Structure formats: structure tokens, C-alpha cells
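Structure, as C-alpha cells:
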Amino acid sequence: MDPNVTTVVEAIETALTPVFLLAGTGGFLNVFVARLARISDRVNEVVDIVASREGEIRSRQIQLAHLRRRTLALEIAVILASLSGVCTCISVIGLLAGAIREHVRDQLLFWFFGAAVAGLIGALLAFLFEMLVAGYSMIRQMAGRDVYHSPPNRQHTPD
11 MDPNVTTVVE
21 AIETALTPVF
31 LLAGTGGFLN
41 VFVARLARIS
51 DRVNEVVDIV
61 ASREGEIRSR
71 QIQLAHLRRR
81 TLALEIAVIL
91 ASLSGVCTCI
101 SVIGLLAGAI
111 REHVRDQLLF
121 WFFGAAVAGL
131 IGALLAFLFE
141 MLVAGYSMIR
151 QMAGRDVYHS
161 PPNRQHTPD
């Protein structure tokens, strides 16, 4: 094989390595967005219930506060995972550019691949926070401290 072709093939093989990180990041983004959609649906349900039943407003407001925290955590996770994906792509471009100019590759790889990994770590930490808030909310609901789904107790007295 021609030495120039060999160099290009090696550069492409090396540049494909971060693509696995990119694929994993895309998978995480898919999970984050799906959970965000479920929270959005639940918020719409709760808002409709609050509008129709004044007796349950306090428990629904507590539930909305939990959903607000979960939404914020997932939005942060989506932003960080997206930035991680962008940095990974820039790393791939850096690897390909490094085949042309050696000094360009080292600095680009260090900063952008490092930023990609740091962004993914941040996204996973935000996702962990969201999971903890969801679990806490579910435990409170099961313990009966915030009764989200049962109507207020009203005893009917005969006239």
C-alpha cells in the first residue's frame, strides 16, 4: 500500500474510536428525552387535575415541584450530553486534521475529547439526580405523605 494511503487509513481507524462514545452518548440522550416526555405528560395531567379539583391543590403543587426538579435535571443532562456529542465530533475532526498537521491533533484531542467525557459525566450525574428525585417522590407517595391520586375524603351524611 502507498505510504500516504496507509497514513490516511490509520487516521480514519483512529478517528472511528470516539464514534463509540458518540453512539453511547446518543443512547443516553434517547433515554433522557424519553423520560422528559413522560414528565411533560404527567405535568399536563396534574395541571388539568388542579384546574378541576380545588381540594387536591396542595398535594398537586408538591408533585409539580418534584416534576419541576426532575425536568431541570433532565434538561441539564440533555444539554451536557449534547455538548459531549459535539465535542466528540470535533475530536474526530481533530484526529483527521492531525493526519495533516501533527501538532494540531494533540491539543484538539486533549481538550475536546476531555470535554466530551466531562460533559457525559455531568449528564450522567444530572440523570442520577433526576432518578433520586423520582424515587424520593415515589416513596413519599407510597408512604401516603403526598396522596396524589386519591380524592379527598368526604363523608356523605344523609339529609
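Quick note: the working numbering has the sequence shown finishing at residue 169, numbered continuously throughout. Heads up, the beta-carbon is just placed ideally off N, CA and C, and yes, glycines get one too. In this text the structure is predicted, and so the values were computed from the model without any measurement.
Counting contacts by CB-CB distance shorter than 9 Å, is Phe120 in contact with chain B? Among the chains in the structure shown there is no chain B, since it carries only a single protein chain.
Would Ser94 pass as a contact of Ala136 if the rule is Cβ separation under 9 Å? As a working note, residue 94 is residue 84 in the sequence shown. As a working note, residue 136 is residue 126 in the sequence shown. No, they are not a contact pair.
Using alpha carbons as the reference points, say which of Ser50, Leu77, Thr24 and Val96 lies closest to Met141. Here residue 141 refers to the residue found at position 131 when the sequence shown is read from its first residue. Checking every option, the nearest Cα to that of Met141 belongs to Leu77.
When you compare each of Val143, Thr35, Val29 and Phe30 to Val88 by their alpha carbons, which one comes out closest? Counting from 1 along the sequence shown, the entry for residue 88 is found at position 78. Nearest of Val143, Thr35, Val29 and Phe30 to Val88, Cα basis: Thr35.
Could you check the C-alpha separation between Ile149 and Val143 for me, to the nearest Å? Mapped onto the sequence shown, residue 149 falls at position 139. Mapped onto the sequence shown, residue 143 falls at position 133. Distance from the CA atom of Ile149 to the CA atom of Val143, rounded to whole angstroms, is 10 Å.
Would you call Arg164 buried or exposed, if buried means 16 or more other Cβ atoms sit within 10 Å of its Cβ? If you number the sequence shown from 1, residue 164 lands on position 154. Bear in mind that the predicted position of Arg164 carries a pLDDT of just 44, short of 50, making it unreliable; the figure below should be weighed with that in mind. That one is exposed.
I'd like the list of long-range same chain contacts for Pro28, defined as Cβ closer than 6 Å, with 5 residues on each side in sequence excluded. By 1-based counting over the sequence shown, the position of residue 28 is 18. Taking C-beta separations shorter than 6 Å and ignoring five residues to either side along the sequence, the partners of Pro28 in its chain run Thr98, Ser101 and Val102, following chain order.
Per-residue burial, Arg80 [other beta carbons within 10 Å of its own, 16 or more giving buried]: Position 70 of the sequence shown, counted from the first residue, corresponds to residue 80. Label assigned to Arg80: buried.
I need the straight-line Cα distance from Leu32 to Ile67, nearest angstrom please. Here the question's residue 32 lines up with position 22 in the sequence shown. Here the question's residue 67 lines up with position 57 in the sequence shown. Their Cα atoms are separated by approximately 43 Å.
Do you know how far the Cα of Asp51 is from the Cα of Val43? The count along the sequence shown starts at 1 and reaches residue 43 at position 33. The count along the sequence shown starts at 1 and reaches residue 51 at position 41. Val43 and Asp51 have their C-alpha atoms spaced approximately 12 Å apart.
Thinking C-beta only, is Leu46 closer than 9 Å to Ala91? Residue numbering aside, residue 91 sits at position 81 when the sequence shown is read from its first letter. Residue numbering aside, residue 46 sits at position 36 when the sequence shown is read from its first letter. Not a contact, by the Cβ cut-off of 9 Å.
Backbone CA spacing between Ile49 and Leu82 [nearest angstrom]: In the sequence shown, the residue the question calls residue 49 occupies position 39. In the sequence shown, the residue the question calls residue 82 occupies position 72. If you take the alpha carbons of Ile49 and Leu82, they lie about 11 Å apart.
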